[in-house]
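Worksheet: one structure, shown below.
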């Protein structure tokens, strides 16, 4: 099947088509199944970031001075990388997410200090928002930053932080208290600010490394009297929630694109298995139940793709895509889970054997229904937007 056929859709310009086609060839040469070590994830992620930087791919995830983030390009790149290797997609995505706040709202000095190195694959980035008791509920954030002369002092924890333990710098969100000092004020999303914290800063430590079903570098971070200069703040004091949401608006859509890449690969593997597996004197593909399953998988992939690239196109036109991004993430991640599960079923016992492509896809997809806004949160976003705006 032609996995690049959708590039003919009117969402894309010729430069997007060329970009996706070129990356697909690069992936075929560099990311063949089994060529990336998914056990030593720290070493593999560092190597992948260097390779992606040397290949010129990371510059598409990082906007320099005066440049706009091309959401369609990021989504096409993530879809393509995910179809070939989940860890390569992770390495690319975290460079974009970790530096996204600096791209969108950083000062010229911050941009100059960090973005070129991220783009070249010379510095690994991380985005530190979630806490042990504050994931989807940002209002529960406890990590705090108090002003002390020309510095802020951070105290608290962050968890489920991608690239935790290997990143060279972290964009950390903490409460600074603006707008919540008056008696009876509701904290909510007010009074949060964003800071760049370099690895190795005194008072900052990796408290715990976290193992998950699809091995990725994750960690819990601890800040104890961690001093950072005021120049490390991204955006204005109290603008941290806005910084986080603007960053997530870009990369939430790209999570949907990565899910789409996983789903496309699962459909390809399921289709090949159906054609090749002998069954009852014919092939698995000859059975009507198999044909119905493949039809459902194909419909899910294409409907997800339409939502993903509608959202990406809308954002690139300068429009707000809160509802569209939520729809894309909800439907693409949930849909990919169903498509991958169906592919595993078509493979029978082979489907759950460690090392099989569909088995690795099954482990890769599960977290995407949770991170950067769980499916239930996306439903709330969509419902509230409908009630507010119709």
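Residue numbers (the numbering used here): 2 to 391.
Glycine included, C-beta positions come from ideal geometry on N, C-alpha and C.
Could you check if residue 143 is buried or exposed, using at least 16 other CB atoms within 10 Å of its CB as the buried criterion?
exposed
Less than 8 Å between C-beta atoms, sequence neighbours within five positions excluded: which residues of the same chain meet that for residue 149?
228
Residue burial classification, residue 96 (beta-carbon count within 10 angstroms, cutoff 16):
buried
Tell me where the beta strand (DSSP E) around residue 148 begins and ends.
145–149
Residue range of the beta strand (DSSP E) that includes residue 1:
Within the shown structure, residues of the chain are numbered from 2 to 391, placing residue 1 beyond reach of any answer.
Indicate whether residue 93 and residue 59 have their beta-carbon atoms separated by less than 8 Å.
yes
8 Å Cβ cutoff met for residue 367 and residue 214
Yes; because the gap between Cβ atoms is below 8 Å, this pair is in contact.
Residue 164 burial status per 10 Å Cβ neighbour count (16 or more: buried)
buried
Please list the segments of the alpha helix (DSSP H) lying wholly inside the segment 220–301, counting only runs of 4 or more residues, in order along the chain.
241–277
Is it true that the segment 30–39 meets the segment 72–88, where meeting means three or more beta-carbon pairs spaced less than 8 Å apart?
yes
Assumed close pair residue 347, residue 266 - CB separation to whole angstroms, cut-off 8 Å:
So it is not a contact: roughly 13 Å between Cβ atoms.
Looking at the structure shown, is residue 191 part of a helix, part of a strand, or coil, going by DSSP?
coil
Which of helix, strand or coil does DSSP assign to residue 320?
coil
N- and C-terminal bounds of the alpha helix (DSSP H) containing residue 351
Counting along the chain, residue 351 falls outside any alpha helix (DSSP H), and DSSP gives it neither H nor E.
Between the alpha carbons of residue 253 and residue 283, how many angstroms are there, rounded?
43 Å
Nearest-angstrom Cα distance between residue 127 and residue 99?
4 Å
Three or more C-beta pairs below 8 Å linking the segment 152–164 and the segment 216–225
yes
Considering only the beta carbon of each residue, do residue 75 and residue 104 sit closer than 8 Å?
no
Which of the three DSSP states is assigned to residue 126 in this structure?
strand
Is residue 261 closer than 8 Å to residue 198 when the C-beta atoms are compared?
no
What did DSSP end up calling residue 199 once you bin it into helix, strand or coil?
strand
Which residues DSSP lists as bridging residue 171, in chain order:
127, 198
With a threshold of 6 Å on Cβ separation, who are the neighbours of residue 247 within its own chain once the five nearest residues in sequence on each side are excluded?
Once the five neighbours on either side are set aside, the close Cβ partners of residue 247 are 105.
For residue 205, write down the residues that DSSP places opposite it in a beta bridge.
224
Run through DSSP, which three-state label would residue 29 get?
helix
Contact the segment 289–305 vs the segment 327–341: 3+ CB pairs below 8 Å
yes
Does DSSP put residue 377 in a helix, in a strand, or in coil?
Reduced to three states, the DSSP call for residue 377 is helix.
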